[in-house]
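Comments concern the structure below.
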Amino acid sequence: YPLHGAVSKDHPSMEFAQQYLEKYYSFEKNVEQVFRRKDSSPVVKKIQEMQKFLGLEMTGKLDSSTMDVMLKPRCGVPDVGG
Amino acid sequence: FTTFPGSPKWRKNHLTYRIVNYTPDLPKESVDSAIEKALKVWEEVTPLNFSRLSEGEADIMISFAVGEHGDFYPFDGPGQSLAHAYPPGPGFYGDAHFDEDEKWTLGPSGTNLFLVAAHELGHSLGLFHSDNKEALMYPVYRFSTNPAQFRLSQDDINGIQSLYGPRPSSDAIVVPLSSVSPRPETPVKCDPALSFDAVSTLRGELLLFKDRYFWRKTRWNSEPEVHLISAFWPSLPSHLDAAYEAHNKDSVFIFKGSQFWAVRGNEVQAGYPKAIYTLGFPPAVRKIDAAVNDSNNKKTYFFVEDKYWRFNEKTNLMDKGFPRLIKDDFPGVESRVDAVLQAFGFFYFFHGSSQFEFDPNARMVTHTLKSNSWLLC
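Protein chains in written order, with the numbering used here: chain A, 7 to 88; chain B, 3 to 379.
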């Protein structure tokens with residue numbers, strides 16, 4: 007079942023993206039389930055939330071410009087949440 | 003901008019900070035200077051002011067660490083997470099941690115300590131991240147053109163002032179951020195607008211302090227020498243408030259904010275800095291404007307805004323009946339004194355680019371000179 011092309015489970019950056027979203031966007035821990043679930047809209051929504059905050063086009067995908075920003079050095083304090 | 007959930011903020015304007023350890027990437031005084039400048043970024047736009055502790059628990063504890071460092075937020079090696087900090091509050095709240103696995107620098111290469119520290123200290127004061135790419139509080143690190151030209155964005159200013167309000171105009175600090183690069187401009191000694199931060203004698207020599215420099219006038223060399231303060235006393239801050247020599251103690255006392263240091267020759271004495279309140283000042287006094295020791299009566303006069311105190315160097319106690327108004331005992335001397343010097347039986351009160359020669363016997367100002375007249379200008 008295509009995950010809306012958001013993040014296929016074997017996307018090379020999925021692990022990194024998972025950690026990034028968990029660490030900075032309070033993404034739930036058990037992303038395995040979410041990423042594998044048929045309905046991947048929570049993932050898309052979370053990626054869009056991050057893209058919005060970082061001033062990126064809200065594609066909901068881990069496109070290259072999104073990955074570029076995610077790979078840049080940054081502050082360790084989360085962007086959302088407590 | 004955003005603030006942390008619940009908008010935690012410090013309930014006082016005078017905060018302490020302590021640099022707990024240092025990165026081997028930079029000289030200590032460069033770290034001191036970068037942190038001092040990062041704090042000044044926020045000080046300039048709020049009522050907040052900061053003083054540094056060299057031991058004990060400060061509101062903001064600043065440290066360098068690698069990997070797991072005891073707060074459940076382990077660092078991750080070079081890159082990605084550079085540092086983190088906690089919102090205002092007791093204990094570890096307010097603290098800022100820097101990842102020692104980064105290459106900390108003062109310039110564009112590596113990771114610029116000043117820029118990251120200014121961001122992290124924004125967190126220590128209560129700001130969360132901003133989605134404004136121009137804001138200091140934007141989470142992704144990018145080296146702005148040059149820290150020397152660094153300016154807070156309006157978004158940052160709106161954010162911090164939503165917590166603490168603006169800086170009271172009377173305290174407005176107009177000191178431009180000088181560069182954290184190692185080539186700051188030397189002040190021009192014959193600039194007619196030159197003013198001094200502090201002036202003191204030292205074993206017969208004359209020291210005139212300005213920003214991070216001081217001129218030294220010796221008896222054997224009429225031409226004054228200019229030096230970096232840190233070249234003689236690395237642990238002393240720059241932009242001093244006051245300095246005086248207690249002749250009976252063979253020491254020069256240096257004041258900045260609510261702290262002071264004792265210097266003998268080029269040795270900063272152990273156990274300093276101390277809080278000015280140990281001299282007997284009330285808590286309302288946050289800084290000293292000027293100080294001078296009267297070698298005739300071994301008393302030291304401390305000037306704070308329009309008042310002054312008198313301190314007995316023999317008993318180490320503030321005299322009773324003080325503070326008194328400056329204008330009552332030094333008629334003709336403008337308040338808000340920058341520095342004071344005693345020489346040739348006169349007191350020389352520095353106020354901006356002017357200097358008032360005061361005759362204590364006649365109790366009147368006998369001459370008005372340019373402040374830099376001592377530099378043969």
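Here a beta-carbon is modelled for each residue, glycine too, at the ideal position from N, C-alpha and C.
Quantities reported herein were computed from a predicted structural model and do not represent experimental measurements.
**Q.** Sub-8 Å separation of Thr18 of chain B and Ser53 of chain B beta-carbons
**A.** Here residue 18 of chain B is taken as the residue at index 16 of the second sequence, counted from 1. Here residue 53 of chain B is taken as the residue at index 51 of the second sequence, counted from 1. Yes, the pair counts as a contact, with Cβ atoms nearer than the cut-off.
Q | Cβ-based neighbour list, Phe304 of chain B, same chain, cut-off 7 Å, excluding 5 preceding and 5 following | A | Within the second sequence, numbered from 1, the residue matching residue 304 of chain B stands at position 302. Same-chain partners within the cutoff: Ile290, Ala293, Tyr310, Trp311, Phe313.
Q | Neighbourhood of Pro92 of chain B by C-beta, 6 Å cutoff - its chain only, sequence neighbours within 5 removed | A | The count along the second sequence starts at 1 and reaches residue 92 of chain B at position 90. The answer is none, since no qualifying residue turns up.
Q: Would you check if the region 85-100 of chain B and the region 192-209 of chain B touch, i.e. whether three or more CB-CB distances between them fall below 8 Å?
A: no
Q.
Once DSSP output is grouped into helix, strand and coil, what is the label at Lys44 of chain A?
A. In the first sequence, the residue the question calls residue 44 of chain A occupies position 38. Here Lys44 of chain A scores only 47 on pLDDT, less than 50, and its place in the model is too uncertain to base an answer on.
Q. Just how far apart, CA to CA, sit Gly323 of chain B and Asn23 of chain B?
A. Within the second sequence, residue 323 of chain B is the residue found at index 321, counting from 1. Within the second sequence, residue 23 of chain B is the residue found at index 21, counting from 1. Roughly 43 Å separates the two Cα atoms.
Q. Assuming Ala119 of chain B contacts Ile37 of chain B under a Cβ cut-off of 8 Å, what Cβ separation, rounded to an integer in Å, is found between them?
A. Taking the first residue of the second sequence as position 1, residue 119 of chain B is located at position 117. Taking the first residue of the second sequence as position 1, residue 37 of chain B is located at position 35. Between Ile37 of chain B and Ala119 of chain B the Cβ distance is about 6 Å, and since that is below 8 Å, they are a contact.
Q: Closer than 9 Å by beta-carbon distance: list the chain A residues that pair up with Ala87 of chain B, in chain order.
A: Reading the second sequence from its first residue, position 85 is the one you call residue 87 of chain B. Per Cβ cutoff of 9 Å: Cys81, Gly82, Val83.
(Q) For Arg153 of chain B and Leu281 of chain B, what's the separation of their Cα atoms in angstroms? (A) For the purposes of this step, residue 153 of chain B is taken as the residue at position 151 of the second sequence. For the purposes of this step, residue 281 of chain B is taken as the residue at position 279 of the second sequence. So the alpha carbons of these two residues sit roughly 37 Å apart.
Q: For Ile162 of chain B, name the three-state secondary structure that DSSP assigns.
A: Against the second sequence, residue 162 of chain B aligns to sequence position 160. Correct three-state label for Ile162 of chain B: helix.
**Q.** chain A contact for Thr5 of chain B (CB, 8 Å cutoff)
**A.** Taking the first residue of the second sequence as position 1, residue 5 of chain B is located at position 3. No, Thr5 of chain B lies away from the interface with chain A (no Cβ there is under 8 Å from its Cβ).
Q. Exposed or buried, what is Gly61 of chain A when buried is set at 16 or more other beta-carbons lying within 10 Å of its beta-carbon?
A. Taking the first residue of the first sequence as 1, we reach residue 61 of chain A at position 55. Gly61 of chain A is exposed by the Cβ-count criterion.
Q. Name the chain B residues whose beta carbon is nearer than 7 Å to that of Arg78 of chain A?
A. Counting from 1 along the first sequence, the entry for residue 78 of chain A is found at position 72. The identity of residue 78 of chain A in the sequence shown is Lys, whereas the question assumes Arg. Under the 7 Å cutoff, chain B gives Val142, Tyr143.
Q: Given a cut-off of 8 Å, decide if Asp340 of chain B and Leu197 of chain B are closer than it, judged by their beta-carbon atoms.
A: Taking the second sequence and counting its residues from 1, the one referred to as residue 197 of chain B is at position 195. Taking the second sequence and counting its residues from 1, the one referred to as residue 340 of chain B is at position 338. The sequence given here has Ser at residue 197 of chain B, not Leu. Taking 8 Å as the Cβ cut-off, Ser197 of chain B and Asp340 of chain B qualify as a contacting pair.
(Q) When you compare the region 129-139 of chain B with the region 101-112 of chain B, are there three or more beta-carbon pairs, one atom per stretch, that lie closer than 8 Å? (A) The region 129-139 of chain B vs the region 101-112 of chain B: no contact.
Q.
So the candidates are B:Leu123, B:Cys192, B:Pro189, B:Phe145; which of them puts its Cα closest to the Cα of Asp158 of chain B?
A. In the second sequence, counting from the first residue as 1, residue 158 of chain B sits at position 156. The option with the nearest alpha carbon to Asp158 of chain B is B:Leu123.
Q. Just curious, the beta strand (DSSP E) that Trp44 of chain B is in, first and last residue?
A. On the second sequence, residue 44 of chain B is found 42 positions in, with the first residue counted as 1. Per DSSP, Trp44 of chain B belongs to no beta strand (DSSP E); it is in the alpha helix (DSSP H), 30-45.
Q) Under 8 Å between the Cβ atoms of Asn51 of chain B and His16 of chain B? A) Walking along the second sequence from the start, residue 51 of chain B turns up at place 49. Walking along the second sequence from the start, residue 16 of chain B turns up at place 14. Going by C-beta atoms, Asn51 of chain B is nearer than 8 Å to His16 of chain B.
Q. On the three-state DSSP scale, how would you describe Ile175 of chain B?
A. The residue labelled residue 175 of chain B in the question sits at position 173 within the second sequence. Since pLDDT at Ile175 of chain B reaches only 45, below the 50 mark, its modelled position is unreliable, and the value read off the structure follows with that caveat. Here Ile175 of chain B sits in coil by DSSP.
Q) Start and end of the beta strand (DSSP E) containing His99 of chain B? A) Residue numbering aside, residue 99 of chain B sits at position 97 when the second sequence is read from its first letter. Looking at the DSSP string, the run of the beta strand (DSSP E) that includes His99 of chain B is 98-101.
(Q) Using a Cβ-Cβ cutoff of less than 7 Å, which residues in the same chain neighbour Asn33 of chain B once the five nearest sequence positions on both sides are dropped? (A) Looking up residue 33 of chain B in the second sequence gives position 31. Here residue 33 of chain B turns out to be Val, not Asn, going by the sequence shown. Within the same chain, Val33 of chain B has close Cβ partners Ile21, Tyr24, Thr25, Leu115.
**Q.** Contacts around Phe358 of chain B, its chain only, beta-carbon distance under 6 Å, and the 5 residues preceding and following it disregarded
**A.** Position 356 of the second sequence, counted from the start, is the residue given in the question as residue 358 of chain B. Correct list, in chain order: Val335, Phe351, Val367, Thr370.
Q: Note down, in chain order, each residue of its chain lying with its Cβ closer than 8 Å to the Cβ of Thr113 of chain B, except the 5 sequence neighbours on either side.
A: If you number the second sequence from 1, residue 113 of chain B lands on position 111. Here the set comprises Leu84, Glu104, Lys105, Trp106, Thr107, Tyr143.
Q: Compare the C-beta of Phe33 of chain A with all C-beta atoms of chain B and state if any pair is closer than 8 Å.
A: Along the first sequence, one-based indexing puts residue 33 of chain A at 27. No, its Cβ sits nowhere closer than 8 Å to a Cβ of chain B.
Q. Would you report the Cα separation of Gln271 of chain B and Ala245 of chain B, rounded to the nearest angstrom?
A. In the second sequence, counting from the first residue as 1, residue 271 of chain B sits at position 269. In the second sequence, counting from the first residue as 1, residue 245 of chain B sits at position 243. Going from the Cα of Gln271 of chain B to the Cα of Ala245 of chain B covers about 15 Å.
Q) In this structure, what does DSSP give as the bridge partners for Met320 of chain B? A) As a first step, residue 320 of chain B must be located in the second sequence, where it is residue number 318. Its beta-bridge partners are B:Phe313.
Q: Can you say whether Pro8 of chain A is buried or exposed, counting buried as having 16 or more other CB atoms within 10 angstroms of its CB?
A: Here residue 8 of chain A is taken as the residue at index 2 of the first sequence, counted from 1. Caution is warranted here: a pLDDT of 36 is assigned to Pro8 of chain A, below 50, making its placement in the model unreliable, and no coordinate value can be reported.
(Q) One question on the structure: do Pro10 of chain B and Gly128 of chain B come within less than 8 Å of each other, judged by their Cβ atoms? (A) If you number the second sequence from 1, residue 10 of chain B lands on position 8. If you number the second sequence from 1, residue 128 of chain B lands on position 126. Yes, the Cβ-Cβ distance between Pro10 of chain B and Gly128 of chain B is below 8 Å.
Q | Coil, strand or helix - Ser183 of chain B by DSSP | A | As a first step, residue 183 of chain B must be located in the second sequence, where it is residue number 181. Interpretation of Ser183 of chain B is limited by its pLDDT of 39, a score under 50 that renders its predicted location unreliable; the figure taken from the coordinates is listed afterwards. Here Ser183 of chain B sits in coil by DSSP.
Q. Tell me, which residues are paired with Cys81 of chain A by DSSP?
A. Taking the first sequence and counting its residues from 1, the one referred to as residue 81 of chain A is at position 75. Its beta-bridge partners are B:Ala85.
**Q.** Classification of Pro184 of chain B by the beta-carbon crowding that lies within 10 angstroms, buried from 16 upward
**A.** In the second sequence, counting from the first residue as 1, residue 184 of chain B sits at position 182. Only weak support exists for where Pro184 of chain B lies, its pLDDT of 38 falling under 50; the value from the coordinates is given anyway. So Pro184 of chain B ends up on the exposed side.
(Q) Within the continuous beta strand (DSSP E) that includes Tyr215 of chain B, where are the two ends? (A) Working through the second sequence from its first residue, we reach residue 215 of chain B at position 213. Segment 215-219, the beta strand (DSSP E) holding Tyr215 of chain B.
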